[in-house]
Amino acid sequence: MTPPTAGPAARVVERASAALGRLRRGRLLHPVGASFAAQVTIWGTPGPPVGVGLLDNPGVYAGTVRLSRGTPTPGGWPDVLGLALRVHVEAGPPFDLLVSSSGAAPVLRNLPLPRRDFSGTYSTIMGYRTGRRRLWLAALADPEAVDLGRTLSAVTAVARADAPRLVLAVASAVGPWRPVGQVAIGAPLDARQDAALAFDPVRNLPAGLRAAGPLAWLREQTYRRSRRARGASTQSGGSTAATV
Numbered sequence: 298m299t300p301p302t303a304g305p306a307a308r309v310v311e312r313a314s315a316a317l318g319r320l321r322r323g324r325l326l327h328p329v330g331a332s333f334a335a336q337v338t339i340w341g342t343p344g345p346p347v348g349v350g351l352l353d354n355p356g357v358y359a360g361t362v363r364l365s366r367g368t369p370t371p372g373g374w375p376d377v378l379g380l381a382l383r384v385h386v387e388a389g390p391p392f393d394l395l396v397s398s399s400g401a402a403p404v405l406r407n408l409p410l411p412r413r414d415f416s417g418t419y420s421t422i423m424g425y426r427t428g429r430r431r432l433w434l435a436a437l438a439d440p441e442a443v444d445l446g447r448t449l450s451a452v453t454a455v456a457r458a459d460a461p462r463l464v465l466a467v468a469s470a471v472g473p474w475r476p477v478g479q480v481a482i483g484a485p486l487d488a489r490q491d492a493a494l495a496f497d498p499v500r501n502l503p504a505g506l507r508a509a510g511p512l513a514w515l516r517e518q519t520y521r522r523s524r525r526a527r528g529a530s531t532q533s534g535g536s537t538a539a540t541v
């Protein structure tokens, strides 16, 4: 259901986003980041399926990952860290998953939490719906993988030397995380490729999954204006060849 104030509110959000975009001359959200080619391996949903074929059925996909700082704060200070994942699907639009540093517990997975280390829990914060159920997605630290470090330069160095991994997981509002796959981070993309990337976590979704709640609406408005300000589209950028 569209909020009754969607028209006026959308105009306010768009104007504010445009002004900030012009001020920053780039991304409005998470302006400082590093992007990488990736390989996404879906194992399938353990237990009852969630009703999203891309998550329920095993498969291997090329991907693109962008790790970023939210504010950004000075180096070494806590910040709300971001991870954007694009899963390149052969037929249809890509799947864009945007997650923020958070806690793993049911209540904390709904809150963005500042931290220093790029290894840790990243949650969608924003819930999704699949059928009548609410669903949260996350990228979790792989206990058997190399640590990503505390700076973007450290992440880049680790990606050049190894193939750091993150675990993809799903959960209900109060249930435990259920691992469904992993992301292996590969070769760094150059600055031009990073600047060209534009994600849409509301429209670029697989069949059976839809964004839910007022945060979804706010994200749609903000990301749309941010893309428009820098001349990007909902599917801009992203290597389709994973090098891991």
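Mapping of the sequence shown onto the numbering used here: residues 298 to 541, in sequence order. Even glycine gets a Cβ: it sits at the ideal position worked out from N, Cα and C.
(1) Spatial neighbours of Val-416 within its chain, please: CB distance less than 7 angstroms, with the 5 preceding and 5 following residues excluded, ordered by chain position.
(2) What are the partner residues of Ala-466, as DSSP defines its beta bridges?
(3) Tell me Ala-359's beta-bridge partners as DSSP assigns them.
(4) Pair every Cβ in the segment 329-336 with every Cβ in the segment 356-364, then say whether three or more of these pairs are closer than 8 angstroms.
(5) How do the segment 365-378 and the segment 406-415 stand: do at least 3 beta-carbon pairs fall below 8 angstroms, yes or no?
(6) Pick from Leu-449, Thr-427, Ala-460 and Trp-433: whose alpha carbon is nearest that of Ala-442?
(7) Starting from the N-terminal side, write out each stretch of the beta strand (DSSP E) that is 3 residues or longer and does not extend beyond the segment 370-421.
(8) For Ala-436, count the other beta carbons within 10 Å of its own beta carbon; 16 or more makes it buried, fewer makes it exposed. Which is it?
(9) Decide yes or no for the touch test of the segment 466-475 against the segment 423-432: beta carbon pairs closer than 8 angstroms, at least 3 of them.
(10) To the nearest angstrom, report how far apart Tyr-425 and Ala-466 are at their CA atoms.
(11) By the 10 Å Cβ neighbour count, where 16 or more other Cβ atoms means buried, how is Thr-368 classified, buried or exposed?
(12) Just to confirm the assignment, what range does the alpha helix (DSSP H) spanning Arg-426 have?
(13) With a 10 Å radius around its C-beta and 16 neighbouring C-beta atoms as the bar for buried, classify Ala-488 as buried or exposed.
(14) Given this structure, state the Cα-to-Cα distance separating Ala-381 from Leu-494, to the nearest angstrom.
(15) Out of Ala-504, Asp-497, Ala-508 and Arg-507, which has the shortest C-alpha to C-alpha gap to Asp-393?
(16) Using a Cβ-Cβ cutoff of less than 6 angstroms, which residues in the same chain neighbour Arg-447 once the five nearest sequence positions on both sides are dropped?
(17) Hey, how far is the Cα of Gln-490 from the Cα of Gly-330?
(18) Skipping 5 residues on each side, what residues in its chain have a beta carbon closer than 8 angstroms to that of Arg-475?
(19) Do Gly-356 and Thr-338 have their C-beta atoms within less than 9 angstroms of each other?
(20) Given Gln-479, which residues of its chain have a CB within under 6 angstroms of its CB, disregarding the five upstream and five downstream residues?
(21) Would you grab the beta carbon distance between Thr-427 and Val-477 for me? Rounded to a whole angstrom, and I think it's under 8 angstroms.
Inspection of the coordinates gives the following:
(1) In the sequence shown, the residue the question calls residue 416 occupies position 119. First, the amino acid is wrong: residue 416 is Ser here, not Val. So the qualifying residues of the chain are Ala-438, Asp-444 and Leu-445.
(2) Residue numbering aside, residue 466 sits at position 169 when the sequence shown is read from its first letter. Per DSSP, Ala-435 and Pro-476.
(3) Taking the sequence shown and counting its residues from 1, one reaches residue 359 at position 62. DSSP lists Gln-336 as partners of Ala-359.
(4) yes
(5) yes
(6) Against the sequence shown, residue 442 aligns to sequence position 145. With distances taken between Cα atoms, Ala-442 lies closest to Ala-460.
(7) 378-384 and 392-398
(8) Sequence index remark: in the sequence shown, residue 436 carries index 139 (1-based). It is buried - the Cβ of Ala-436 has at least 16 other Cβ atoms within 10 Å.
(9) yes
(10) Residue mapping note: residue 425 aligns to position 128 of the sequence shown, counting from 1. Residue mapping note: residue 466 aligns to position 169 of the sequence shown, counting from 1. Between Tyr-425 and Ala-466, the C-alpha separation is close to 13 angstroms.
(11) Walking along the sequence shown from the start, residue 368 turns up at place 71. It is exposed - the Cβ of Thr-368 has fewer than 16 other Cβ atoms within 10 Å.
(12) By 1-based counting over the sequence shown, the position of residue 426 is 129. Per DSSP, Arg-426 belongs to no alpha helix (DSSP H); it is in the beta strand (DSSP E), 425-427.
(13) Counted from its first residue, the sequence shown places residue 488 at position 191. Exposed, by the Cβ-count rule.
(14) As a first step, residue 381 must be located in the sequence shown, where it is residue number 84. As a first step, residue 494 must be located in the sequence shown, where it is residue number 197. Straight-line Cα distance between these residues: approximately 10 angstroms.
(15) Translated into positions along the sequence shown, residue 393 becomes position 96. Answer by Cα proximity: Asp-497.
(16) If you number the sequence shown from 1, residue 447 lands on position 150. Excluding sequence neighbours, Arg-447 sits near Arg-413 and Asp-414.
(17) For the purposes of this step, residue 490 is taken as residue 193 along the sequence shown, with counting starting at 1. For the purposes of this step, residue 330 is taken as residue 33 along the sequence shown, with counting starting at 1. Between Gln-490 and Gly-330, the C-alpha separation is close to 12 angstroms.
(18) By one-based count along the sequence shown, residue 475 stands at place 178. If we look at Arg-475 and ignore the five residues flanking it on each side, its Cβ neighbours are Thr-342, Pro-343, Gly-344, Ala-466, Val-467 and Ala-468.
(19) The count along the sequence shown starts at 1 and reaches residue 356 at position 59. The count along the sequence shown starts at 1 and reaches residue 338 at position 41. A contact, by the Cβ cut-off of 9 angstroms.
(20) Working through the sequence shown from its first residue, we reach residue 479 at position 182. So the qualifying residues of the chain are Thr-338, Arg-462 and Val-464.
(21) What you label residue 427 is simply residue 130 of the sequence shown in a count that begins at 1. What you label residue 477 is simply residue 180 of the sequence shown in a count that begins at 1. Rounded, the Cβ-Cβ distance is 13 angstroms, inconsistent with contact.
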